[in-house]
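Note sheet for the following structure.
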Amino acid sequence: MDQVEQYLAENAEQFVEDLKSLLRIQSVSADSAFAAEMTKAAEFVRDQLLTAGLSAEIIPTAGHSIVYGEWLGAADAPTALIYGHYDVQPPDPLDEWDSQPFEPDIRNGRIYARGATDDKGQMLTHVKSVQAWMKTHGRLPVNVKFVIEGEEEVGSDNLDKFLAANQDKLKADIAVVSDTSQYAPDIPAITYGLKGIVACEITLRGPNQDLHSGMFGGSVANPANALAALLGGLIDADGRITVSEFYDDVVDLTEQERAAFAALPFSETAFKNSLGVADVFGESGFSTIERRWARPTCDVNGMISGYTGEGPKTIIPSWASAKISCRLVPDQNPRKVVQALEDHLRAHLRPGLAMEFKTYHGADPLVIDTESAFMNSARNAIEKSFGVAPVMIREGGSIPVVASFKRILGVDTLLLGWGQNTDNLHSPNEHFSLKDYQRGIRASAHLWNELA
Ligand code: BES
Ligand code: ZN
1 MDQVEQYLAE NAEQFVEDLK SLLRIQSVSA DSAFAAEMTK AAEFVRDQLL
51 TAGLSAEIIP TAGHSIVYGE WLGAADAPTA LIYGHYDVQP PDPLDEWDSQ
101 PFEPDIRNGR IYARGATDDK GQMLTHVKSV QAWMKTHGRL PVNVKFVIEG
151 EEEVGSDNLD KFLAANQDKL KADIAVVSDT SQYAPDIPAI TYGLKGIVAC
201 EITLRGPNQD LHSGMFGGSV ANPANALAAL LGGLIDADGR ITVSEFYDDV
251 VDLTEQERAA FAALPFSETA FKNSLGVADV FGESGFSTIE RRWARPTCDV
301 NGMISGYTGE GPKTIIPSWA SAKISCRLVP DQNPRKVVQA LEDHLRAHLR
351 PGLAMEFKTY HGADPLVIDT ESAFMNSARN AIEKSFGVAP VMIREGGSIP
401 VVASFKRILG VDTLLLGWGQ NTDNLHSPNE HFSLKDYQRG IRASAHLWNE
451 LA
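Just so we're aligned: 61 in my numbering is position 61 of the sequence shown, and the numbers increase by one with no gaps anywhere.
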């Protein structure tokens, strides 16, 4: 490890330059205007894998390409399947950024750019640790297979097909993903649970055109009023979701798990202050951590209807629409939940309105066995790099591939997050601490040794 550590120290600046180059590429998967940038990002990642000493190729899909790389020279040693994503969320709202989202800027030891932590910086930690081993030893202690996709932020639709069609090629003992967070600054964590998700969009259609609200108001259902009532009715005053059967398959938290969550350092005041809210709100009977990590939720992500320009306009809009997503916990099933949601909304629709219902991406919720030998290897690697042992946490975000790895390849995943949950992922001023970048690379370098 000494030579590896020395290589990491000598190349620390270059590793930051490489991250900057990747962050300059505007790889927004959701918006087809960025298609050429997606190709550039895939090529850059492939070249980084080649530089690290692996073989690498770009594999086209029906959507954005997958980058695959491998080194399989460690006979009798385990094989790690390393996953990350090179796509990012749209940078909007642009005027809330203090520096340009695709012009990485280093301030106070942090690199600011869209994708800095989610997931370009975190993903690159594994490429760089592999590079350090290859350049100093000409080999790795384990076999590695990299799968870096470009559709994570839009639901990983084409990845499952790729996994199913390449089961032999992707055969591995354990998967490694760095796309989550530490528990807090200097409290590294291993994430053993992620929420699932199902997303949809509804449109309520009423009169065949916008109407004068004086002439027609009160005589037909207003789609905007009706939408507000429908959405408002989804959650009751106790923070419970009102859709029948929604909670049917939810596995309750064990007393042990509740105690473990309660033992983590957490200040509700600091939490509220950091979000700029006067109070918290959620399902009664559960702590904030429990709500965030282990209870299902339902959120409106956006709404459009009627006149939203300057000044008043007295109309009944012809239509109203909303985007909704539900976060799921074991053993909820995305298809079952979205059907229950659709049934509920249709049952509560006001007379004279028609509803269009469109389902978007889904992902299964999961928890991972915390007692495996692989988990112990990860604990050791993190402790060696961070100087403290990680805490075990669950998180509220979703990474669709993790359930797919288990279902399609039969492989468990180590979720080793190097970021912070204050890194503003999906928000303006996303950033990644350069210290976390370095510590992540070192922990990853140790991980290959520990796994072997
Ligand atoms: N890196 C996140 C997932 C994440 C965030 C996990 C925070 C744990 C804590 C990932 O890139 C992401 O945002 N995923 C999407 C998936 C969805 C589009 C299917 C998500 O969770 O919204
Ligand atoms: Zn991510």
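Note that the Cβ used here is the ideal one computed from N, Cα and C, for glycine as well.
Values in this document were obtained by computation on a predicted structure and should not be read as measured data.
- Between the segment 189-204 and the segment 359-366, the count of C-beta pairs closer than 8 Å reaches three or more; the two stretches touch.
- Its chain contains 12 as the residues whose beta carbon lies nearer than 7 Å to that of residue 438, once the 5 sequence neighbours on both sides are disregarded; these appear in chain order.
- Assigned with DSSP and collapsed to three states, residue 449 falls in helix.
- If you draw a straight line from the Cα of residue 120 to the Cα of residue 210, it is about 45 Å long.
- In the DSSP assignment, residue 289 falls within the alpha helix (DSSP H) that extends over 288-294.
- Separation of residue 57 and residue 181 (C-alpha to C-alpha, rounded to the nearest whole angstrom) is 29 Å.
- Residue 343 places its beta carbon 8 Å or farther from that of residue 325.
- Around the ligand ZN, the residues whose beta-carbon falls short of 6 Å from at least one of its heavy atoms are 85, 118, 119, 152 and 179, given in chain order.
- In terms of side-chain proximity, the C-beta atom of residue 395 is found nearer than 7 Å to a non-hydrogen atom of the ligand BES.
- Just so you know, the alpha carbons of residue 230 and residue 349 end up roughly 7 Å apart.
- By the CB criterion at 8 Å, residue 129 and residue 445 fall inside the cutoff.
- Per DSSP, reduced to three states, the secondary structure at residue 133 is helical.
- Uninterrupted alpha helix (DSSP H) stretches at least 4 residues long and entirely within the segment 323-350 occur at 334-347, given in chain order.
- Note on residue 281: under 16 other CB atoms within 10 angstroms of its CB, so exposed under the neighbour-count rule.
- Looking at 237, 113 and 94, the one whose alpha-carbon comes closest to that of residue 87 is 113.
- When secondary structure is reduced to three states using DSSP, residue 237 falls in the coil class, being assigned neither helix nor strand.
- Set against 7 Å, the gap from the CB of residue 237 to the closest heavy atom of the ligand BES is not smaller.
- The three-state reading of DSSP puts residue 363 in strand, counting E and B together.
- Distance from the C-beta of residue 363 to the nearest heavy atom of the ligand BES is below 7 Å.
- At least one heavy atom of the ligand BES falls within 7 Å of the beta-carbon of residue 398.
- Between the segment 97-115 and the segment 167-178, the count of C-beta pairs closer than 8 Å stays below three; the two stretches do not touch.
- In the DSSP secondary-structure assignment, residue 69 is bridged to 56 and 146.
- Per DSSP, reduced to three states, the secondary structure at residue 170 is coil, with no helix or strand assignment.
- Going by beta carbons, residue 382 and residue 194 fall outside the 8 Å limit.
- Around the beta carbon of residue 123, a 10 Å sphere encloses 16 or more other beta carbons of the protein chains shown; the residue is thus reported as buried.
- Look at residue 426: its beta carbon is less than 7 Å from one of the heavy atoms in the ligand BES.
- Residue 373 holds the alpha-carbon nearest to the alpha-carbon of residue 78 among 373, 429 and 323.
- Between residue 387 and the set 36, 54, 144 and 187, the nearest pair of CA atoms involves 187.
- Per DSSP, reduced to three states, the secondary structure at residue 243 is coil, with no helix or strand assignment.
- For residue 356, the number of other beta carbons within 10 angstroms of its own is below 16, and it is reported as exposed.
- Residue burial annotation: residue 251 is exposed, with fewer than 16 other C-beta atoms found within 10 angstroms of its C-beta.
- Each residue's CA atom was taken as its position, placing residue 243 and residue 71 some 49 Å apart.
- In this structure, residue 194 has its CB closer than 7 Å to one or more heavy atoms of the ligand BES.
- Around the beta carbon of residue 29, a 10 Å sphere encloses 16 or more other beta carbons of the protein chains shown; the residue is thus reported as buried.
- If you ignore the 5 residues before and after residue 424, its C-beta comes within less than 7 Å of the C-beta of 430 and 431, all in its own chain and listed in chain order.
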